[in-house]
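Student: Have a look at the structure that comes next, please.
Residue numbers (my numbering), protein chains in the order written: chain A, 1203 to 1674; chain B, 19 to 460.
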């Protein structure tokens, strides 16, 4: 193709070239005799491998009175095994580039890393050892307990966190998606070593687990390695998924969290959405693209560019095993907090009342399809998609057919999905900022309560005079 | 030294050209995904501002998304997102960057958008747009700094480490009063002075044919006038050497946090990479010195972290540690200081260096997976050193360092009399109103 030597026409965008085909990387999937699901994809853009091992052991599986158990169990995985102490594990992780992350989300407990390819076999051995043979030493539990208690204190002064946590509580109450992931002071104080061991026994069986790899590897080699490292272990029984749906609210609830000196107000609006594998999830992704998923979405252009209320505003449907939250997030100047909430609610109503413009729909669709390869540039990006397929039990060709599924969306489907799944009359609204300024602005929106973060702050516990470590 | 691991060098084919108007362009073809990253660096940042007029480079960056002669207000994002691309810009001490990653068939769209605002910006600038973006930026400052716990610590650390007339003294986002002062005349003057082809580097990374891409670059950018010679870079005054500068900053926090900054050589100067590796040995991950001692054994800290600014003028090694409840932050600070002093007295064990090198190497390959990250690094090396190929040499810079190099940089720079320390502490009686350390800008 030649390039014209004439000066370019600048008064309209130059036309694009022909569509280039793009395919989601092919992947293979096996199930070991003990029930472990293993998936692997080859993606040779860098000399790296992304590894992830996930278990049905996220915070949603916490015992009803044991908030923080899943987070504690995951935090202790790399603090002692039958072969290595915490510091020895730290050295082994560092030898492998130091990128290991362990933790618990709402749905799963995970161990994951991106690693140079020649170290992938060692990394698999290490991850398997940490997940299946942790010893939960009592002194490490004490260390992590103190750390998590201090983290609770730290979060209580973080306005964004406070807003997220209060919204979660308002939507899900004491249910599995409502309890704080880290737990709170009473549940952390009561958490014993036997609780952690029991939780591990129940949730970390291989029968319910997923091992994912993507990158510079041969899937068949990886399956052989997985069989060698994990195939001989017992599978156990996968725990049943708890009932994750919250009670449906009677009306709009407003929670003001008082921070008298705040320079700004953090706002959250939300309600329960749909599970990741709900047939409407993709349609809702398109609805959300128009509503609040990108810079040019209605909510951001309204609040930021039309009104200058904020640096940014966004919304999303979280993809979870159960009905994860639909949340609108922003931070605004306090005097306009009430006006900003009304604009957001107005946008939610508008997208339920009338079909979106044809151009908006086309934009949302091309954005979903066009940015798809962008999310697959990294080995962890590919691994994340594989994990989504297996954890949420999506069709094996979900991402292969994704562009076609997006192309099939139309305005009527978006409107129907918006009407079914956006419920402005059931919103929880959280504002973190000076209550004296916020209450008059928000009072008329619904049932309003004021909370003080400081009221829940305990006296900091003294640190022991003698460190508990093996060598002080 | 440990044997070098069997990792292939970064695959980095490069072509470097200069258009007639002085615009430097770098082409990095990589056809493995149908994407192209367009990355444009203007060599102007907050360092080019003057005291009393801070925050302008960043406010100006916002204005570059408000349209140009042929692109409507907010249509920049609209065109990019319609195409299935992502876009943004950012301002830093040394530079301002603008970038899009697009499906490769939309390469020309990216060139049209960037050339329109490089060559034809001013007709679209209005006082009304400036007012709106001033509000957005003031909200950005509140969200990122003033309403964040510990949010003003880094700003204060810079004010203490760098003298008042040093280009890194003030925060990139600027002070509230200065942001309020910016006018439409400033927009025009700033544009004419700094946003010229010869003050910019444009990198393309991704799926394109280099000869055609170069022709397209010439077509879209070639007709933009070269403009005046870029202003001479600011000449920073020397940093203070006559004693530690420190301040306690009360804030709405429960856990005190210590911020320590030691002056370091500019990025690319001898010693910078040693400082970075020293910071990694000290504070990166659970096998680091400070994690082991302060968090694991003594349990006086909640977290530790460190970084070295990759700046073209005086850099700094910054160490940050949050104290546990009930722990005097002074104890945390002295513990960190003791480790630095030990790093001067005796060489660090090779095992620690080897682990730090392994982390740096892993991080390098992880970070360079994305076309937009690679393009941004290429623009960085071209802007600072006029040599994009230096990017591929980065792992070697760390591999060749030994314990003596780390000891030397620590001995030269990690000294009490050179450093600045900011300690954020819980405000007494958080309900009592502004404490003595309260600052609202300069």
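Glycine residues also receive a C-beta, built at the ideal position from the N, C-alpha and C atoms.
Residue 1499 of chain A: buried (16+ other C-beta within 10 angstroms of its C-beta) or exposed?
Tutor: buried
Student: Check whether the region 45–62 of chain B and the region 219–227 of chain B are in contact - that is, three or more C-beta pairs closer than 8 Å.
Tutor: Here the region 45–62 of chain B makes contact with the region 219–227 of chain B; the two share three or more CB pairs at distances below 8 Å.
Student: Taking only heavy atoms of the ligand GTP into account, decide whether any of them is closer than 7 Å to the Cβ of residue 1627 of chain A.
Tutor: Within the structure as shown, the ligand GTP is missing, as the structure has no ligands at all.
Student: For residue 1646 of chain A and residue 1655 of chain A, I'd like the C-alpha separation in whole angstroms.
Tutor: 23 Å
Student: Roughly how many angstroms separate the alpha carbons of residue 1573 of chain A and residue 105 of chain B, rounded to a whole number?
Tutor: 11 Å
Student: Nearest to residue 1597 of chain A by alpha carbon, out of A:1531, A:1653, A:1297, A:1231?
Tutor: Of the candidates A:1531, A:1653, A:1297, A:1231, the residue whose Cα lies closest to the Cα of residue 1597 of chain A is A:1231.
Student: Nearest-angstrom Cα distance between residue 75 of chain B and residue 1205 of chain A?
Tutor: 35 Å
Student: Looking at the unbroken beta strand (DSSP E) that takes in residue 1519 of chain A, where does it start and where does it end?
Tutor: 1512–1519
Student: Would you call residue 369 of chain B buried or exposed, if buried means 16 or more other Cβ atoms sit within 10 Å of its Cβ?
Tutor: exposed
Student: Going by the DSSP bridge assignment, what does residue 1415 of chain A pair with across the sheet?
Tutor: A:1242, A:1253
Student: If you follow the alpha helix (DSSP H) that residue 252 of chain B is in, where does it begin and where does it stop?
Tutor: It is not in any alpha helix (DSSP H) - residue 252 of chain B carries neither H nor E in the DSSP assignment.
Student: Mind checking the region 1444–1472 of chain A against chain B and listing, in chain order, the residues whose C-beta falls within less than 9 Å of any C-beta there?
Tutor: 1461, 1462, 1463, 1464, 1465, 1466, 1467, 1468
Student: If we count the other Cβ atoms within 10 Å of its Cβ and call it buried at 16 or more, is residue 447 of chain B buried or exposed?
Tutor: Because the pLDDT of residue 447 of chain B is 49, which lies under 50, any placement of that residue in the model is unreliable, and the question is left without a value.
Student: For residue 1673 of chain A, which of helix, strand or coil comes out of DSSP?
Tutor: Low local confidence applies: a pLDDT of 32 at residue 1673 of chain A is under 50, so the model's placement there is unreliable, and no value is given.
Student: Is residue 212 of chain B helix, strand or coil by DSSP?
Tutor: Secondary structure of residue 212 of chain B (DSSP, three-state): helix.
Student: According to DSSP, is residue 268 of chain B helix, strand or coil?
Tutor: strand
Student: Going along the chain, which residues of the region 1521–1551 of chain A sit with their C-beta nearer than 8 Å to a C-beta in chain B?
Tutor: 1533, 1534, 1535
Student: Below 8 Å between beta carbons: does that hold for residue 1552 of chain A and residue 1309 of chain A?
Tutor: No, the Cβ-Cβ distance between residue 1552 of chain A and residue 1309 of chain A is not below 8 Å.
Student: Kindly give me the distance between the Cβ atoms of residue 1345 of chain A and residue 1283 of chain A, rounded to whole angstroms, as I take these residues to be in contact under 8 Å.
Tutor: Here residue 1345 of chain A is actually not in contact with residue 1283 of chain A; their C-beta atoms are around 16 Å apart, not less than 8 Å.
Student: Taking the alpha-carbon positions, what's the residue 1227 of chain A to residue 1211 of chain A distance?
Tutor: 38 Å
Student: Can the beta-carbon of residue 1433 of chain A be found closer than 8 Å to that of residue 1235 of chain A?
Tutor: yes
Student: Does the separation of the CB atoms of residue 1258 of chain A and residue 383 of chain B fall below 8 Å?
Tutor: no
Student: From the DSSP output, read off the bridge partner residues of residue 1651 of chain A.
Tutor: A:1457
Student: Would residue 1476 of chain A count as contacting chain B if we go by Cβ distances under 8 Å?
Tutor: no
Student: Give the DSSP bridge partners of residue 1317 of chain A, in chain order.
Tutor: A:1251
Student: Where residue 1218 of chain A and residue 237 of chain B are concerned, what is the direct C-alpha to C-alpha distance, given to the nearest angstrom?
Tutor: Each residue's Cα considered, the two are about 16 Å apart.
Student: Helix, strand or coil: how does DSSP classify residue 1565 of chain A here?
Tutor: helix
Student: Output the distance between the C-alpha atoms of residue 434 of chain B and residue 358 of chain B, rounded to the nearest integer angstrom.
Tutor: Put simply, the backbone Cα of residue 434 of chain B is about 10 Å away from that of residue 358 of chain B.
Student: Hey, does residue 1568 of chain A have any beta-carbon neighbour from chain B nearer than 8 Å?
Tutor: yes
Student: Taking 8 Å as the CB-CB cut-off, is residue 1218 of chain A touching chain B?
Tutor: yes
Student: Helix or strand or just coil, what does DSSP make of residue 1468 of chain A?
Tutor: Three-state DSSP puts residue 1468 of chain A in a strand.
Student: What are the start and end residues of each continuous alpha helix (DSSP H) run of 4 or more residues lying completely inside the region 1466–1502 of chain A, in chain order?
Tutor: 1483–1493
Student: Rounding to the nearest angstrom, what Cα-Cα distance links residue 290 of chain B and residue 314 of chain B in this structure?
Tutor: 29 Å
Student: Please list the partners that residue 1565 of chain A has in chain B, where partner means a Cβ-to-Cβ separation under 9 Å.
Tutor: 96, 99, 100
Student: Please report the residue range of the beta strand (DSSP E) in which residue 444 of chain B lies.
Tutor: 438–444
Student: Cβ of residue 112 of chain B within 8 Å of Cβ of residue 330 of chain B?
Tutor: Between residue 112 of chain B and residue 330 of chain B, the CB-CB gap stays under 8 Å.
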